[in-house]
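As structure tokens, the structure follows; a few thoughts come after it.
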Amino acid sequence: MRMFGTMVVGMMALLSSPALADLPVINEKQVSWQGCEYSLQVQQDSQPHPIYSYNAPFYRVVIQRDGGSSGTCPLPPGTVELGSSFYWPGIAILGNDEGLVVAFTQAPYDRWFGSDYQHIEIRQLDPSTLGSLRTETLWGSSRPVVAGEASIPGGLYLDSLYSIPGMLQVSGRLNGNSISDGLLPGYEANAFPIQQGSHFVAIYYSFFGPVRYRAGLHITP
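Residues -21 to -1, 1 to 200 in mature numbering (1 follows the signal peptide of the UniProt record, and there is no 0) are what the sequence shown lists, from first letter to last.
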């Protein structure tokens, strides 16, 4: 167990950016929470490819808040960019009596593995600033059966985000044979042992509480 504090996340500033506002929305999940409408969006952009000399598709994950049709939201409209990816991101959002949570996949570009070794970020959001109160990361990897060989990145694909009082569950598909939380593949402090399976479940107990627990990690057929 270890205590956690408010986390300051790079690339995240409260804004109503014309640049973001002009990008096409290609995926969107919404939730009504405490009188406000929250929309988690994937916006399509492009930028120079990290290796080759052409513009590549680039996806931005954005959270937006507005007053909704009821007009009961006590907070002003706001927009925050949470992350970005060279691979189409999966997204999920939920709001309950304990808080507001989003989950999304991100994939940087790697010259050896391309962009298909995405990981999942789970964030509890501050409803007033849209900043992150807690951030958790899940990684997939292909770990060697033979001792001494190196792990290679795997991929996680987000299917669902689910909560019951005191517990948060993230599930999806796995490309690899192991998952871990918090550290890069190959340096797993809390890794599920090598096992055959194409799906995973990560369970966070007391996710909204003052004490931070490591995830319970499970690989399933």
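Think of the CB as a built atom: it goes at the ideal place given N, C-alpha and C, for glycine as much as any other residue.
Between Leu79 and Leu104, the CB-CB gap stays under 8 angstroms.
Gly161 is the residue among Cys15, Gly161 and Ser150 whose C-alpha sits nearest the C-alpha of Trp118. The Cβ atoms of Val180 and Ser150 sit closer than 8 angstroms to each other. Contact annotation: Pro68 and Thr84 have beta-carbon atoms nearer than 8 angstroms. Pairing Met146 with Tyr192 gives a Cβ-Cβ distance that is not under 8 angstroms. Leu135 and Ile198 have their C-alpha atoms spaced approximately 12 angstroms apart. Of the residues Ile143, Gly133, Gly62 and Glu128, the one whose Cα lies closest to the Cα of Thr114 is Gly62. Runs of beta strand (DSSP E) with 3 or more residues, each lying fully within the region 121 to 150, are found at 134 to 143, listed in chain order. Taking a C-beta distance under 8 angstroms as the contact criterion, Leu2 and Arg44 do not qualify as a contact pair. Linking Gly155 to Ile182 through their CA atoms gives a straight-line distance of about 19 angstroms. Looking at the backbone, the Cα of Phe37 and that of Gly14 are separated by about 32 angstroms.
Nearest C-alpha to Trp12 among Gly74, Ile99 and Ser157: Gly74.
DSSP lists Arg102 as the bridge partner or partners of Thr114. Nearest neighbour of Ser142 by Cα position, chosen from Val81, Pro132 and Gly133, turns out to be Val81. Under the three-state reduction of DSSP output, Ile158 falls in the strand class. For the pair Ala35 and Ser139, the CB atoms are not nearer than the 8 angstroms cut-off. In the displayed model, Gly62 falls within a strand according to three-state DSSP. The three-state secondary structure of Pro36, taken from DSSP, is strand. For the options Leu109, Pro132 and Glu128, the alpha carbon positioned closest to that of Ser120 is the one of Pro132. The residue from His98, His28, Glu7 and Tyr66 with its alpha-carbon nearest to that of Ile42 is Glu7. Gln20 is bridged by DSSP to Glu7 and Val41. The beta-bridge partner set that DSSP reports for Tyr183 consists of Leu147.
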